[in-house]
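Numbering (the UniProt record's numbering), first residue to last: 1 to 365. So the structure is just underneath, and the comments pick up after that.
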Amino acid sequence: MSLPIKPASACHFDQISLGEVMLRLDPGDGRIRTARHFTAWEGGGEYNTSRGLRKCFGLKTAVCTAFVDNEVGHLIEDFIAQGGVATDFIQWREDDGIGRSVRNGLNFTERGFGIRGAVGVPDRGNTAASKLRPGDFDWEHIFGKLGARWFHTGGIFAALSESTAALTIEAVKAAKKHGTIVSYDLNYRPSLWKTIGGLAKAQEVNREIARYVDVMIGNEEDFTASLGFEVRGADHAISKIEVDAFKEMIEAAVAEFPNFKVAATTLRRVITATKNDWSAILWHAGQFYRARQYAELEILDRVGGGDSFASGLQFGFLEFNDPQKAVDYGAAHGALASTTPGDTSMATRKEVEKQIAGGGARVVR
Numbered sequence: 001m002s003l004p005i006k007p008a009s010a011c012h013f014d015q016i017s018l019g020e021v022m023l024r025l026d027p028g029d030g031r032i033r034t035a036r037h038f039t040a041w042e043g044g045g046e047y048n049t050s051r052g053l054r055k056c057f058g059l060k061t062a063v064c065t066a067f068v069d070n071e072v073g074h075l076i077e078d079f080i081a082q083g084g085v086a087t088d089f090i091q092w093r094e095d096d097g098i099g100r101s102v103r104n105g106l107n108f109t110e111r112g113f114g115i116r117g118a119v120g121v122p123d124r125g126n127t128a129a130s131k132l133r134p135g136d137f138d139w140e141h142i143f144g145k146l147g148a149r150w151f152h153t154g155g156i157f158a159a160l161s162e163s164t165a166a167l168t169i170e171a172v173k174a175a176k177k178h179g180t181i182v183s184y185d186l187n188y189r190p191s192l193w194k195t196i197g198g199l200a201k202a203q204e205v206n207r208e209i210a211r212y213v214d215v216m217i218g219n220e221e222d223f224t225a226s227l228g229f230e231v232r233g234a235d236h237a238i239s240k241i242e243v244d245a246f247k248e249m250i251e252a253a254v255a256e257f258p259n260f261k262v263a264a265t266t267l268r269r270v271i272t273a274t275k276n277d278w279s280a281i282l283w284h285a286g287q288f289y290r291a292r293q294y295a296e297l298e299i300l301d302r303v304g305g306g307d308s309f310a311s312g313l314q315f316g317f318l319e320f321n322d323p324q325k326a327v328d329y330g331a332a333h334g335a336l337a338s339t340t341p342g343d344t345s346m347a348t349r350k351e352v353e354k355q356i357a358g359g360g361a362r363v364v365r
């Protein structure tokens, strides 16, 4: 059982993502509302997978996105370059001097602690990425001439505007045409859809995109809200009842979308903002595969944990083409990403494999 992945020798890139990358402003241990200084990072749900694959696992990746050609845009570009992700396909938009016509996105994010949950305050209206539209990228050149083994995008980017939804559909069609594996993280965000048609529009767009997806990622809320599949009695806790309910939903989804070769989710029980039970489950070819459970995982920064799960999953298939390894690498990478600040992973492949093997937290000297 495996995916029809192109050999690395046939492609210039192992993976390419399409999505918005914002400047994340992090108040550290404090609150956004009382902060006097912020640490700057880059982050974006789709891009984070490319950075994880490059920085942790050593694969060759690129991102398709857009920025305003000003100092903030080039700061985000510099973060991307430091992460080793190719910047070949970044689109640059002219700065009007005030951000009236186009701007770069900001994301104020505080980590949460104990009973106080994490808080994200995105400031992304009118961004360069949200104005991307069909025709902005030469997919024939990217997928046909250069070649990519894997293409990843998601429901956050598709929700930014009508034009990004149309661009996402154009991209997944082009990737499928050239035999590139397509993965999609549903990542349902009600706030992004509420002014452009709400739940009905989210399902319309995501169900069209789903027709071209090989690897579908999302939790039970994502599958319910974005695709319209109901899950009975689940609250995303890790118990036999919730897992069985999720399995039923996945089986219904793959029956309607037989193009799904893989469906996967993280399994998370939120005890507090800084302590979660964490695991993952993956469906492939009629079978379910479970990762080990990371009981009472201590969280430093949960933002980006799901993206690191997605990139670890992609690595498991790209490197081994094995569903058990894919869910194991995904769960371990996501768990480790939750122990460091920022959206993106700071883990190494050796650390991921140590966790897969059951390694603990004893000091390394």
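Note that CB positions come from ideal geometry on N, CA and C, so glycine has one too. Since the model is a prediction, treat every value here as computed from it, not as a measurement.
Reference residue i, options the options, closest by Cα
i	options	result
phenylalanine 257	Ile90, Leu227, Leu297	Leu227
aspartate 277	Trp283, Leu267, Ala285, His284	Leu267
lysine 194	Tyr212, Val215, Ala159	Ala159
alanine 8	Asp95, Glu319, Thr34	Glu319
alanine 66	Ala253, Asp14, Thr164, Thr34	Thr164
residue 402	Asn126, Thr34, Gly30	No information on residue 402 is available, as it lies outside the stretch 1 to 365 that the chain covers here.
residue 367	Thr348, Glu298, Val303, Ala273	Limits of the chain in this structure are 1 at one end and 365 at the other, which puts residue 367 out of reach.
alanine 166	Arg36, Phe143, Glu208, Pro27	Glu208
threonine 34	Ala175, Gly197, Glu110, Gly312	Glu110
glutamate 248	Lys131, Leu282, Gly73, Ala291	Leu282
asparagine 321	Arg149, Glu230, Trp92, Trp139	Arg149
Whether residue i touches residue j by CB criterion (8 Å)
i	j	result
valine 68	alanine 118	no
phenylalanine 89	cysteine 64	yes
leucine 75	glutamate 46	no
alanine 255	isoleucine 217	no
threonine 49	aspartate 301	no
phenylalanine 309	alanine 295	no
serine 311	leucine 53	yes
Cβ-based neighbour list, residue i, same chain, cut-off 8 Å, excluding 5 preceding and 5 following
i	result
asparagine 107	Met22, Leu23, Arg24, Leu25, Gly43, Gly120, Val121, Pro122, Asp123, Arg124
glutamate 351	Leu336
Assigned exposure category for residue i - 16 Cβ within 10 Å defines buried
i	result
serine 2	exposed
residue 440	As shown, the chain starts at 1 and ends at 365. That puts residue 440 outside it, with no answer to give.
glycine 316	buried
arginine 51	buried
aspartate 95	buried
asparagine 259	exposed
threonine 180	buried
isoleucine 16	buried
histidine 37	exposed
Which of helix, strand or coil DSSP assigns to residue i
i	result
methionine 216	strand
methionine 22	strand
threonine 266	strand
threonine 324	Checking the displayed sequence, the identity of residue 324 turns out to be glutamine instead of threonine. Glutamine 324 falls in the helix class under three-state DSSP.
alanine 285	coil
alanine 66	strand
threonine 180	coil
methionine 80	Residue identity check: residue 80 is isoleucine in the sequence provided, not methionine. Three-state result, isoleucine 80: helix.
isoleucine 299	coil
glycine 334	helix
lysine 350	helix
aspartate 29	coil
Other residues of its chain near residue i: CB distance less than 7 Å, five sequence neighbours each side excluded
i	result
tyrosine 188	Gly155, Ala202, Glu221, Asp222, Ala225, Ser226
lysine 261	Leu3, Asp214, Val215, His284
residue 373	What the structure shows of the chain is the stretch from 1 to 365, and residue 373 is not part of that stretch, so it cannot be assessed.
histidine 12	Leu146, Gly147
is_contact[residue i, chain D] using C-beta, thresh 8 Å
i	result
phenylalanine 79	Among the protein chains of the structure shown there is no chain D, as only one such chain exists.
Contact set for residue i: own chain, Cβ-Cβ below 6 Å, skip 5 residues either direction
i	result
serine 183	His152, Val215
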